[in-house]
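Only one structure is covered here, and it is reproduced in the block below.
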Amino acid sequence: MEILMAFVIGILFMSATYLMLSKSLLRIIVGTGLLSHGAHLLILTMGGLKRGSAPLLGEHAKNYTDPLPQALILTAIVISFGVTAFFLVLAYRAYQELGTDNVEEMKGTEPND
Amino acid sequence: MSFLHLAILSPLIYSLFMIFFKKFHRIHTGWFILPLPILLFIYFLSFLPVTSNQKMVTETFNWIPSLGINFTAKADGLSLLFALLITGIGALVVFYSIYYLDRMKEKLPSFYVYLLLFMGAMLGVVLSDNLIVMYAFWELTSFSSFLLIGYWYGREQSRYGAQKSMLITVFGGLAMLGGIILLYIMTRTFSISEIAAESHSIWGNSLFIPALLCILLGAFTKSAQFPFYIWLPDAMEAPTPVSAYLHSATMVKAGIYLVARFTPVFGDSGVWFWLVSGIGLITLTWGSIFAAKQTDLKGILAFSTVSQLGLIMSLLGVGSAALHYADLDENIYIVAVSAAIFHLINHATFKGSLFMAVGIIDHETGTRDIRKLGGLMTFMPITFTVSIIGAFSMAGIPPFNGFLSKEMFFTGMVRVTEMDLFHLETWGILFPVIAWVASVFTFVYSMILIFKTFTGNVQLEKLDRQPHEAPLGMLIPPVILVSLVVIFGLFPNLLSDSLISPAMAEILPGLLGAGEEFTVHISSWHGFTIEVFMTLGVVILGIILYRTFPKWKTLYSKIPERMSLFRLYDQLVEGAQSGSYKLTKSFMTGSIHSYLVYIFAFFIFILTATLIGKGALKVDTGNVSAIGIYEWILALFVAAGAISILFVKSRMTSIILLGAVGYTVSLFYVLFRAPDLALTQLVIETISVALFLVCFYHLPKLRKYETRIRFKLTNALISIGVGAVVTVMALSAHSNKLFDSISKYYVENTYEKAAGKNMVNVILVDFRGFDTLFEITVLAIASLGIYGMIKLRGNRRKEG
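Same order as they appear, the protein sequences are chains A and B.
The first sequence begins at 1 in my numbering and counts up one residue at a time.
The second sequence begins at 1001 in my numbering and counts up one residue at a time.
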């Protein structure tokens, strides 16, 4: 399972990178969304998959899955949500002010040129 | 803090009082400055009885003892010689500047602050025994010289000259610092006398030659040796008192001092001999040839300074060979060292007077161009007398002191042919020949300097002012200097026991037994030796060359332009500027895409290199969990979703696909027994998609900006690389488990200690509650930021 997940994560990272390298602002933000999915799954996978039941003591199981990566991911999800929301509004405002969502056109001009 | 320290620092301290002197408008500020160098000169004279008995005065003032950096002031024969030059000529220059610089027109306080700064720094250089302290003063001389050259900062040429001298001397100074540090690594001390005392232990050390080269680089740049002499002619933009003081008598001799000081350390090495004497000879010849070409009086003097410094340098190089012959009685090579010191003194006297004379001509006629000058003899008889004595001494004509030191120079060079080390059996003959050729040119430019200026026809129409003799005060310092030229020429042995012999003892220690001292006897006539004929040849050929100068002058226009190092320097500076501009411009494109490409490319490169380099590439299938049908389906779904986002053209589809991937990920969380994660992911994904949709309503249609195939190909390659590296890294990390998880503790204590059953939640709010606190902060900041962005709109709209 971990090997399969490694490939899935690789594909997520690949798509995210490709999107982030594009010129459209919206595609870049979609890319960051994919990237965070990849990162979360990577944390989970590295903690080991399916080593017991869910981390709830009420289960009375012999083995539980590792709770620590889950706590870390939970924090990460919330943070990435906050950042994504901020970026989206930033993109929206940038488009309103500048009239473009092409990052190549957002370059400042050098004063000396 | 002893009195000696105070003497070194007194110019620096004294300069602080300049604000008080400024108040006396009616009195020229220079009068307030003048007593200081005179007092210092007298103070340093009081050391003469001590140093002439081969003793020295050492005073230590603790500065940074923990690093071995203490302000150790040491006055010995060599230091004292320089200290007397600095303060003596300093006093004359200050006196001269009182009449040279106008009280009303010039910014005198800054001039004298810089000059005092320089004087103190120079005294510090020659009187410090600690190398770090010496380096600090060394850089202060560069710095104050920069300020003085750029004194008339309104002029473009002044700024150019100041910058050039700064760049070159600081370059050398930094190299010297490197050499000092290398010496420290070898000897564990910064004290010059301690390093010299144990110099034999560092011979053969692998750092010996690098240290030698670094120190020499410092000396050569400061003393304007080939090819670093190029800053000196441009430093002539400084006021003439500055040129006389810094660029003929003192600062340019700091490099000479350094070479003399380090001769006991490095002198035994063949590299030292060849570099110092070879570069010295090249500088001597080159400088003398190009001096004859100049049309500006100060230009001639600048090149002649370069040339004379080369002469002294080559003598020091040849003199270092004396360290090879331990026997004092038959050591005929030490004459080179005594010649170097004698000429050092002589050069300071005649060059100082010549600069002052040129300053007078400039001051009284308004030009320094020899093509405009001529026939000034009758207008300025005293200046003419001063100049002719100075120039004849420079050319090496009896009975002036330059003649004596030139004879000794020839003696030293001729004796090189008798040496039997460093391949001198074959190459030694070049030394006297080159030296002789250079002396011929020295004669030629000295004659040009005199006769083009003072004889011939007066061209009054070309002069700004009616020429007349300078005021008395302006004439006194050069007259004093030329009197010294004559006195030292007639009674050369005045100096030999008091100054030259003690200085030699410092340059060539170890040659003397206890109680012995060098006997220097300079006589103006020593029979029909080869040196006399060489001088005779110089004079005869010099006169012929001077007479025919207009005929062969055109030769210069053919050679120099191509061989000029000035052009090379300009191109170097310009090239460095435009080159770095182009370099920066080539990768700092301002495009976020290129920066991301660099970042990802480095990510790929560094991680791949590390994984391979550390041998971490490993796939261990033993520790994996089973894959069920659901996992396969979800995996395929995520992969398909992620890839198809790349190809969709509509923004709606891409947002929905992103949502689909998110939901699938939450299904993964379900499969992997993470209920809290699944819940959060579902909710967040929903909100995110909603947000995307809200924004999407305002954003334009998803346009395909990337049209070029090369652009797409680069992106594809980089992204495939990133994906592959992440996969490989995940596999390798999974296969290289080093130790167990710490989660056992959480499992065991969630209920016992924290009274909860949901382990994830207990970790979030109890075991690791701080994470949560700041994650809440992040959300708060994000929402405030969003609020701010929407509510607080700048004034741009209104203004527009």
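We put the CB at the ideal spot given by N, CA and C, even for glycine.
**Message:** With a threshold of 8 Å between beta carbons, is A/L41 in contact with chain B?
**Reply:** For the purposes of this step, residue 41 of chain A is taken as residue 41 along the first sequence, with counting starting at 1. With 8 Å as the cut-off, A/L41 counts as an interface residue toward chain B.
**Item:** N-terminal and C-terminal residue of the beta strand (DSSP E) that B/I1069 is part of
**Value:** In the second sequence, residue 1069 of chain B corresponds to position 69, counting from 1. In this chain, the beta strand (DSSP E) harbouring B/I1069 covers I1069 to A1075.
**Request:** For B/N1493, count neighbouring Cβ atoms within 10 angstroms of its own Cβ and tell me buried if that reaches 16, exposed if not.
**Result:** In the second sequence, residue 1493 of chain B corresponds to position 493, counting from 1. Answer is exposed; the Cβ neighbour count stays below 16.
**Message:** Could you compute how far the alpha carbon of A/I28 sits from the alpha carbon of B/A1640?
**Reply:** The residue you call residue 28 of chain A lines up with position 28 of the first sequence. The residue you call residue 1640 of chain B lines up with position 640 of the second sequence. Straight-line Cα distance between these residues: approximately 19 Å.
**Item:** Inter-stretch contact at 8 Å, needing at least 3 Cβ pairs: the stretch 1757-1772 of chain B / the stretch 36-49 of chain A
**Value:** At 8 Å Cβ cutoff, the stretches do not touch.
**Request:** Using a cut-off of 7 Å between C-beta atoms, extract the partners of B/K1791 located in chain A.
**Result:** For this step, residue 1791 of chain B is matched to residue 791 along the second sequence. Around B/K1791, no beta-carbon contact reaches into chain A at under 7 Å, the shortest distance being about 11 Å.
**Item:** Test: B/I1592 CB closer than 8 Å to a CB of chain A
**Value:** For the purposes of this step, residue 1592 of chain B is taken as residue 592 along the second sequence, with counting starting at 1. So yes, B/I1592 belongs to the interface.
**Request:** Would you tell me roughly how many angstroms separate the C-alpha atoms of B/L1275 and B/I1604, rounded to the nearest one?
**Result:** As a first step, residue 1275 of chain B must be located in the second sequence, where it is residue number 275. As a first step, residue 1604 of chain B must be located in the second sequence, where it is residue number 604. If you draw a straight line from the Cα of B/L1275 to the Cα of B/I1604, it comes to about 49 Å.
**Request:** Verify the CB distance criterion: does A/K23 have a CB-CB separation below 8 Å to chain B?
**Result:** As a working mapping, residue 23 of chain A is identified with position 23 in the first sequence. It does; some Cβ of chain B falls within 8 Å.
**Item:** 6 Å Cβ shell around B/S1498 - same chain, five flanking residues per side excluded
**Value:** Taking the second sequence and counting its residues from 1, the one referred to as residue 1498 of chain B is at position 498. The residues are L1048 and S1052.
**Asked** Should A/L98 be flagged as near chain B, meaning a C-beta pair shorter than 8 Å?
**Response** Reading the first sequence from its first residue, position 98 is the one you call residue 98 of chain A. No - not a single Cβ of chain B is within 8 Å of the one on A/L98.
**Asked** B/V1726 versus chain A: which residues are under 9 Å apart at the beta carbon?
**Response** As a first step, residue 1726 of chain B must be located in the second sequence, where it is residue number 726. Simply A6, I9, G10, L12, F13, M14, G38 and L42.
**Message:** Less than 8 Å between the C-beta atoms of A/P67 and B/I1763, yes or no?
**Reply:** The residue given as residue 67 of chain A occupies position 67 in the first sequence. The residue given as residue 1763 of chain B occupies position 763 in the second sequence. Yes, the pair counts as a contact, with Cβ atoms nearer than the cut-off.
**Asked** For B/F1003, which residues of its own chain have a beta-carbon under 7 Å away from its beta-carbon, when the five flanking residues on both sides are left out?
**Response** Walking along the second sequence from the start, residue 1003 of chain B turns up at place 3. Cβ within range, chain order: n/a, list empty.
**Message:** According to DSSP, is B/T1589 part of a helix, a strand, or is it coil?
**Reply:** If you number the second sequence from 1, residue 1589 of chain B lands on position 589. Reduced to three states, the DSSP call for B/T1589 is coil.
**Asked** Is the number of C-beta pairs between the stretch 1173-1192 of chain B and the stretch 1239-1247 of chain B that are closer than 8 Å three or more?
**Response** no
**Message:** Quick check on B/K1798 - is its C-beta less than 8 Å from some C-beta in chain A?
**Reply:** Within the second sequence, residue 1798 of chain B is the residue found at index 798, counting from 1. With a pLDDT of 47 at B/K1798, under the threshold of 50, the modelled position of this residue cannot be trusted; read the value that follows with caution. Chain A, which has no Cβ nearer than 8 Å to the Cβ of B/K1798, makes this no.
**Request:** In the DSSP assignment, find the unbroken alpha helix (DSSP H) run with B/T1051 in it and report its ends.
**Result:** Stepping through the second sequence from its first residue, residue 1051 of chain B is reached at position 51. Segment L1048 to T1051, the alpha helix (DSSP H) holding B/T1051.
**Asked** Whose CA, out of A/A6, A/I11, A/G33 and A/I3, lies closest to the CA of B/S1719?
**Response** Working through the second sequence from its first residue, we reach residue 1719 of chain B at position 719. When each option's Cα is compared against that of B/S1719, the closest is A/I11.
**Item:** N- and C-terminal bounds of the beta strand (DSSP E) containing B/V1057
**Value:** Walking along the second sequence from the start, residue 1057 of chain B turns up at place 57. Where B/V1057 is concerned, the enclosing beta strand (DSSP E) stretches over V1057 to I1064.
**Request:** Please report how far the alpha carbon of B/W955 lies from the alpha carbon of B/K1074, in whole angstroms.
**Result:** Given a span of 1001 to 1800 for chain B in the structure shown, any question on residue 955 of chain B remains unanswerable.
**Counted within 10 angstroms of its Cβ, other Cβ atoms place B/R1806 as buried (16 or more) or exposed** = Within the shown structure, residues of chain B are numbered from 1001 to 1800, placing residue 1806 of chain B beyond reach of any answer.
**Prompt:** Closest by CA to B/I1786, which one among A/M106, A/Y92 and A/D101?
**Reply:** One-based indexing of the second sequence puts residue 1786 of chain B at position 786. Of A/M106, A/Y92 and A/D101, the residue nearest in Cα terms is A/Y92.
**Message:** Can you confirm whether the stretch 1222-1239 of chain B touches the stretch 1200-1213 of chain B when touching is taken to mean that 3 or more C-beta pairs between the two stretches lie within less than 8 Å?
**Reply:** With a cut-off of 8 Å, the stretch 1222-1239 of chain B and the stretch 1200-1213 of chain B do not count as touching, because too few Cβ pairs lie within range.
**Item:** Given B/V1728 as reference, the closest of B/T1714, B/L1617, B/L1667 and B/S1743 once Cα atoms are compared
**Value:** Counting from 1 along the second sequence, the entry for residue 1728 of chain B is found at position 728. Checking every option, the nearest Cα to that of B/V1728 belongs to B/L1617.
**Neighbour flag for A/K107 against chain B, beta carbons, 8 Å** = Along the first sequence, one-based indexing puts residue 107 of chain A at 107. Chain B, which has a Cβ nearer than 8 Å to the Cβ of A/K107, makes this yes.
**Backbone secondary structure at B/Y1153 - three-state DSSP** = Start at 1 with the first residue of the second sequence, and residue 1153 of chain B comes out as number 153. In the structure shown, B/Y1153 sits in coil (DSSP, three-state: anything other than H, G, I, E or B).
**Request:** Please name the residue or residues paired with A/L56 in a DSSP beta bridge.
**Result:** Stepping through the first sequence from its first residue, residue 56 of chain A is reached at position 56. Paired residue(s): B/N1758.
**Asked** What does B/N1758 touch in chain A if you count any residue whose Cβ is under 7 Å from its own?
**Response** Counted from its first residue, the second sequence places residue 1758 of chain B at position 758. By Cβ distance, chain A contributes L56.
**Request:** Could you tell me the boundaries of the alpha helix (DSSP H) in which B/H1347 lies?
**Result:** Taking the first residue of the second sequence as position 1, residue 1347 of chain B is located at position 347. That run of the alpha helix (DSSP H) goes I1334 to T1365.
**Asked** Opposite B/D1296 in the DSSP bridges: which residues?
**Response** The count along the second sequence starts at 1 and reaches residue 1296 of chain B at position 296. B/D1296 pairs with B/D1369.
**Request:** Please compile the residues from chain B whose C-beta is within a distance smaller than 8 Å of the C-beta of A/T32.
**Result:** One-based indexing of the first sequence puts residue 32 of chain A at position 32. Within chain B, no residue has its beta carbon less than 8 Å from that of A/T32; the closest one is some 10 Å off.
**Message:** I need the DSSP call for A/N63, collapsed to helix, strand or coil.
**Reply:** Numbered from its first residue, the first sequence carries residue 63 of chain A at position 63. Three-state DSSP puts A/N63 in coil, outside helix and strand.
**Item:** chain A residues whose Cβ lies nearer than 9 Å to that of B/V1318
**Value:** Here residue 1318 of chain B is taken as the residue at index 318 of the second sequence, counted from 1. Result: empty, since nearest Cβ-Cβ is about 53 Å, beyond 9 Å.
**Asked** From B/E1139 to B/F1118, what does the alpha carbon distance come to, in whole angstroms?
**Response** Position 139 of the second sequence, counting from 1, holds the residue named residue 1139 of chain B. Position 118 of the second sequence, counting from 1, holds the residue named residue 1118 of chain B. Approximately 10 Å between the Cα atoms of the pair.
**Asked** Looking only at its own chain, which residues have a Cβ that is under 6 Å from the Cβ of B/G1375, when we skip the five neighbours before and after it?
**Response** For the purposes of this step, residue 1375 of chain B is taken as the residue at position 375 of the second sequence. Closer than 6 Å at the Cβ level, and outside the excluded window around B/G1375, lie G1456, N1457 and V1458.
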